[in-house]
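Reviewing the structure listed below.
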Amino acid sequence: MGLQLVTVETRVSKAKRGRGGPTNIGEGHSWEGWTTKTKILSEWFDKHEDDGTLIIFADNQDMFFGGCGEMQFMMDYNFALASKPGARTVIGAERGCFDVPPPWNCDNVPETPTWAQRNWTVAASDNPHHVIYDSPVEKHGQMRYPNSGFIIGTVAVLRDLFKTALDDMKKEPLSQGRPAPGHAFTDQFFVTRYVLGHPDKIAFDYGSSLVTNGYSLDARKLFDLLPMGVLRNRVTQKRQCFFHANGPAEETAAGIAKWQEKFEKA
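Each residue of the sequence shown is one higher than the last, beginning at 1 in full-length UniProt numbering.
Shown next, in the form of structure tokens:
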């Protein structure tokens with residue numbers, strides 16, 4: 001697609017490329033904990049001079065492109081913005097309540113609007129280990145909470161987002177692995193703080209039209225595998241744009257990764 005897609009992967013040998021893949025701005029950097037991604041993104045956007053340019057940021061290792069066309073992508077992008085007049089930035093939503101900063105919590109984050117609610121139970125994982133203790137599933141099973149693994153927006157907003165998140169990171173303790181509840185956080189905590197604190201600037205992809213965050217879902221139930229590596233989402237009933245196999249979802253997406261590799265090598 002004509003939009004610029006960027007990712008951050010410091011392990012260059014493991015970075016996903018693919019045909020027409022993302023620009024990896026993590027190349028040449030080393031991993032130094034949870035600040036790494038945010039710092040690299042902040043520095044990259046700081047050098048980008050065109051404030052109005054649309055940029056897609058997507059995670060790397062656990063992110064899949066499902067084969068949607070640019071026309072579908074832009075229609076879904078504009079649809080997500082319809083509830084936020086004036087906004088041009090959209091973040092993916094997920095079912096798991098993870099690293100939500102005060103004064104927000106799992107119960108007072110704005111609920112998924114009725115028009116965006118879907119029956120995700122048809123693709124829910126049957127494995128109890130696919131729901132982590134510190135990331136409870138939304139009480140109605142809907143995509144409600146922001147996930148920092150996918151954001152599309154203008155340079156101006158994303159520059160401010162990542163700079164603010166980085167500045168905040170320097171003031172509070174960070175976890176180098178799993179966060180210790182109550183006092184150590186991942187980068188998502190700080191991105192979520194910005195997103196929830198700027199509701200006029202950022203819309204949510206509640207309907208998972210741009211990205212489906214797979215936490216608590218089983219990718220084998222979620223997708224039909226079509227020729228040329230295309231993924232058809234059985235819940236949204238259309239071609240997937242991006243699929244984020246975050247957390248335990250990566251386990252059920254392993255078969256998709258191997259299947260898509262066959263077409264990338266063809």
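From the three backbone atoms N, C-alpha and C, an ideal C-beta is built for every residue, glycine too.
Keep in mind that this is a model prediction, so the values were computed, not measured.
Short CB-CB distance (under 8 Å) between K221 and chain B: In summary, chain B is missing from the structure at hand, where a single protein chain is found.
Neighbourhood of V137 by C-beta, 7 Å cutoff - its chain only, sequence neighbours within 5 removed: Taking the sequence shown and counting its residues from 1, one reaches residue 137 at position 137. Cβ within range, chain order: R95, G96, V131, S216.
Pair within 8 Å by beta-carbon distance, V237 and F223: Counting from one through the sequence shown, the residue named residue 237 turns up at place 237. Counting from one through the sequence shown, the residue named residue 223 turns up at place 223. Looking at the sequence itself, residue 237 is Gln, so the reference to Val does not match. The answer is no: Cβ separation not under 8 Å.
A124 - DSSP class collapsed to helix/strand/coil: To locate residue 124, count along the sequence shown from 1; it is residue 124. A124: strand per DSSP, three-state reduction.
Cβ distance (whole Å) where L41 is taken to contact F65 below 8 Å: Residue numbering aside, residue 41 sits at position 41 when the sequence shown is read from its first letter. Residue numbering aside, residue 65 sits at position 65 when the sequence shown is read from its first letter. Taking the Cβ atoms as the reference, L41 lies roughly 20 Å from F65, outside the contact range of under 8 Å.
Residues of its chain near D62, where Cβ-Cβ distance is below 7 Å and the 5 sequence neighbours each way are ignored: On the sequence shown, residue 62 is found 62 positions in, with the first residue counted as 1. Result list for D62: H244, A245, N246, E250, in chain order.
Cut-off 7 Å between Cβ atoms - residues of its own chain near A123, not counting five sequence neighbours on either side: Here residue 123 refers to the residue found at position 123 when the sequence shown is read from its first residue. Excluding five sequence positions before and after A123, the CB atoms of its chain that fall closer than 7 Å to its own CB belong to L217, D218, K221, L222, R234, V235, given in chain order.
For N105, three-class secondary structure by DSSP: Position 105 of the sequence shown, counting from 1, holds the residue named residue 105. If DSSP states are grouped into helix, strand and coil, N105 belongs with coil.
Where A180 sits in the DSSP three-state scheme: Counted from its first residue, the sequence shown places residue 180 at position 180. Residue placement at A180 cannot be trusted, given a pLDDT of 48 that sits under 50; the coordinates are not used to answer.
Alpha-carbon spacing of Y206 relative to P113, whole angstroms: In the sequence shown, residue 206 corresponds to position 206, counting from 1. In the sequence shown, residue 113 corresponds to position 113, counting from 1. Here the C-alpha atom of Y206 lies approximately 8 Å from the C-alpha atom of P113.
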